[in-house]
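First the structure, in the form of structure tokens, and then the observations on it.
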Amino acid sequence: MRYFCKIRLESGRDQETTLFLILDDSDGEVPELTKTAVIESREYRLFVEKKHTKIVVAEYSVYRTETEITANLENERYERLIESGMAEIVSSGEMQIDRNEKRDRKTGEIVRKRKKSPVLFLAVAGG
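Residue numbering for the sequence shown follows the working numbering, starting at -18 and increasing by one per position.
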């Protein structure tokens, strides 16, 4: 089985684009789309650079197919697989990507800024 994902990116300015990603199914389970996979795609980077948007909403659907798919397929080929019934939908969802989120370089996880406690400020200012 091969898995791919159809992702519709939409900015706050009602501008949108569609991209397709091949998902890794090496563990034998249905793969899930991650924010990291979307952010690292060339199409996503071009979209946010061209549209100058801070927040992107990504609606996605994961498809399964028996057909051989490669990274250099045109979007129209993916669309034909879906329309012809050769690809069946496995899951779908939506995610919000905030370009202002800071990520740890080693783990790729989102780093949250710690809020300073008012008690700490009083201790430093008063002491």
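Every residue, glycine too, gets a C-beta built ideally from N, C-alpha and C.
For a cutoff of 9 Å on Cβ pairs, would you count Glu69 as touching chain C?
Of the protein chains in the structure, only one exists, and it is not chain C.
By DSSP's criteria, Arg80 is part of a beta bridge. Which residues make up the other side?
Here residue 80 refers to the residue found at position 99 of the sequence shown. Answer by DSSP bridge pairing: none, since Arg80 is not bridged.
What is the rounded straight-line gap between the Cα of Ile36 and the Cα of Gln(-4)?
Looking up residue 36 in the sequence shown gives position 55. Looking up residue -4 in the sequence shown gives position 15. Roughly 12 Å between the two C-alpha positions.
Taking Glu21 as part of the alpha helix (DSSP H), name the residues at either end of that continuous run.
If you number the sequence shown from 1, residue 21 lands on position 40. Premise fails: Glu21 is in no alpha helix (DSSP H) and is neither H nor E.
For Val43, is the classification buried or exposed, using 16 other Cβ atoms within 10 angstroms of its Cβ as the cut-off for buried?
The count along the sequence shown starts at 1 and reaches residue 43 at position 62. The residue in question, Val43, is buried, as its Cβ has 16 or more Cβ neighbours within 10 Å.
Since Arg(-17) sits in a beta bridge, which residues does DSSP pair it with?
The count along the sequence shown starts at 1 and reaches residue -17 at position 2. Note: Arg(-17) sits in a beta bridge opposite Thr46.
Which same chain residues end up closer than 7 Å to Leu62 when comparing Cβ atoms and leaving out the 5 residues on each side of it in sequence?
Counting from 1 along the sequence shown, the entry for residue 62 is found at position 81. Thr46, Thr48, Ala68, listed in sequence order.
Excluding the five sequence neighbours on either side, which residues of its own chain have a C-beta within less than 6 Å of the C-beta of Phe28, listed in chain order?
As a first step, residue 28 must be located in the sequence shown, where it is residue number 47. Only Leu(-10), Thr(-2) meet the Cβ criterion.
CA-CA distance, Glu40 and Ile20?
As a first step, residue 40 must be located in the sequence shown, where it is residue number 59. As a first step, residue 20 must be located in the sequence shown, where it is residue number 39. In a straight line, the C-alpha of Glu40 is about 14 Å away from that of Ile20.
Is it right to say Lys(-13) is buried, meaning 16 or more other beta carbons lie within 10 angstroms of its own, or is it exposed?
Start at 1 with the first residue of the sequence shown, and residue -13 comes out as number 6. Classification of Lys(-13): buried, given that the 10 Å Cβ count is 16 or more.
What residue range is occupied by the uninterrupted alpha helix (DSSP H) comprising Leu62?
Position 81 of the sequence shown, counted from the start, is the residue given in the question as residue 62. 56 to 65 is the span of the alpha helix (DSSP H), which, as asked, contains Leu62.
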